[in-house]
Amino acid sequence: MLERLNSIEQEALAALQSANSKDALENWHTMYLGKKSPLMTILGDLGKLSHEERPAIGKRGNEVKKALEAAYADRVEAIRKAELQHSLTAGALDVTLPGRPQSRGRLHPHTQILREIYAIWAEMGFQVYRSRDVETDEYNFELLNIPQHHPARDMWDTFYTTTPGVILRTHTSPGQIHAMREYCPQPIRVILPGMCYRYEQISASKGIQFLQMEGLAVGKNIRLSDLLGTMSEFNRRIFGPDRKTRFRASYFPFTEPSVEVDVSCANCGGTGCGVCKHTGWLEIAGAGMVHPTVLKNGGYDPAVYSGFAFGMGPERIAMLRWGISDIRYFWGNDLRFLEQF
Ligand SMILES: [Zn+2]
183 MLERLNSIEQ EALAALQSAN SKDALENWHT MYLGKKSPLM TILGDLGKLS
233 HEERPAIGKR GNEVKKALEA AYADRVEAIR KAELQHSLTA GALDVTLPGR
283 PQSRGRLHPH TQILREIYAI WAEMGFQVYR SRDVETDEYN FELLNIPQHH
333 PARDMWDTFY TTTPGVILRT HTSPGQIHAM REYCPQPIRV ILPGMCYRYE
383 QISASKGIQF LQMEGLAVGK NIRLSDLLGT MSEFNRRIFG PDRKTRFRAS
433 YFPFTEPSVE VDVSCANCGG TGCGVCKHTG WLEIAGAGMV HPTVLKNGGY
483 DPAVYSGFAF GMGPERIAML RWGISDIRYF WGNDLRFLEQ F
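Sequence positions in the sequence shown follow the working numbering and run 183 to 523.
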C-alpha cells in the first residue's frame, strides 16, 4: 500500500508539470485530489485497514496529500504569472505613439469670402436681403424689363419646372423687385446673395449653378457717380487700397445706363499680364442705374426716385483673391482643395 502511495505521488507530480493552463490544472485537481481520486479513496477507506497498517498508511497518505496540495498551489501561481506575462506582451500598448489626429471642419471658401463681402457692404450701410431660389417668370424676367421674346432671354439657358411660369432663378435680380415692393417708398440699400441656375455652354469652365451677389440702392438723388464711388470703395476694401476701378459701357435690360465694373489687376499692377489677359484690368461686376421701368414695377416713381444696382460673382472674387484657376473646384468636394482655406 505504501508503494501505491509513492507511485500516486510521483505520477501526480509528473502530470502536474505538463498542466499548462487553468483548465488542465482543474482536470489534474479532479484526477489526483478529487473525491473519487485514488489517493482520497485510500484515505477514505483507512477504517477498513488493520490496526497495524492504519497509522503508517494514514501518515504517508496525508503527507502525499499535503505535498500534492502544495505543488498544486505553486503550479497555479506559476501559471497565473505566465498568463499575465503573456497578456502583457501580446496586447502591448506603445504609449509613446502619437494620438490619432482629430479632423477639424472648417468653413467652405464660399462661406469665407461671402462673410468678408457681407462685412464690407455692412460697413457701407447695406443689409443682406434673402430671396427665393424658385421664381416666377414674371419676377425673373417680366418685371425686370425682359418681356417674352426679348432677345436677352436668349442669353441664358433657363431651367423650367413642370409648373408653367415657375423657373429656377437665372440671376439674383428678381430679389430687387421683392425688396422694392417690401420697402417702397423707403430708401433701400441691400445686397442679395444666393444661388442662380442656368446652363452655361459658352464656356466649358462653367456649370449649371453658381453664386451671385447683387446689390441695390434706391433713394432720391442717387447718381452714376455714387455707383462709381461705391464700387471703388468696395474694390479697395476687398482687393487692397491701391486698386483702381473703371467703368466700361455695357448693356443689361434692367439698368440704364449699364456698365461693366473693372478693377486694376493686382498681379501686374495694371501693366498687363496673363491673369488680366494683358489688359491690366479684371472684370468683377455688371452694374448700372436701375431702369425706370424696373423702378416703376417695384412701386417707385422714376421721376422722384433713382437707384443703382450691381451684380457680382463671389466665386470670381475668391478666385482672384486666392489665385484659384478653375471655378469647378468650389463644387468638387476635394479636401485637398478645401483644406487650403
Ligand atoms: Zn495683370
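Think of the CB as a built atom: it goes at the ideal place given N, C-alpha and C, for glycine as much as any other residue.
{"Check": "Out of Gln267, Gly452, Leu221, state which residue places its alpha-carbon closest to the alpha-carbon of Ala249.", "Outcome": "Leu221"}
{"Check": "So, Phe323 versus Gly397, is the Cβ gap smaller than 8 Å?", "Outcome": "no"}
{"Check": "For Ala255, which option in Pro237, Leu198, Arg236 has the closest C-alpha, if you only look at C-alpha atoms?", "Outcome": "Leu198"}
{"Check": "Please enumerate, following chain order, all residues with a beta carbon closer than 5 Å to at least one heavy atom belonging to ligand 1.", "Outcome": "Cys447, Asn449, Cys450, Cys455, Val457, Cys458"}
{"Check": "For Gln368 and Met306, what's the separation of their Cα atoms in angstroms?", "Outcome": "18 Å"}
{"Check": "Rounded to the nearest angstrom, what separates Gly376 and Ile299 at their Cα positions?", "Outcome": "13 Å"}
{"Check": "Please go through the stretch 220-277 and give each complete alpha helix (DSSP H) segment of 4 or more residues, from N-terminal end onward.", "Outcome": "220-226, 236-272"}
{"Check": "So, using beta-carbon positions, are Arg380 and Thr352 closer together than 8 Å?", "Outcome": "yes"}
{"Check": "Answer with buried or exposed for Trp210, where buried requires no fewer than 16 other C-beta atoms within 10 angstroms of its C-beta.", "Outcome": "buried"}
{"Check": "Who are the Cβ neighbours of Thr343 in its own chain at under 8 Å, not counting the five residues just before and after it?", "Outcome": "Val316, Ile349, Leu350"}
{"Check": "State the Cα-Cα distance for the pair Ser414 and Thr427, rounded to the nearest angstrom.", "Outcome": "5 Å"}
{"Check": "Are Gly452 and Gly468 close, meaning C-beta to C-beta below 8 Å?", "Outcome": "no"}
{"Check": "DSSP beta-bridge partners for Pro439?", "Outcome": "None, per the DSSP bridge assignment."}
{"Check": "Please report the distance separating the alpha-carbon of Gly411 from that of Gln284.", "Outcome": "47 Å"}
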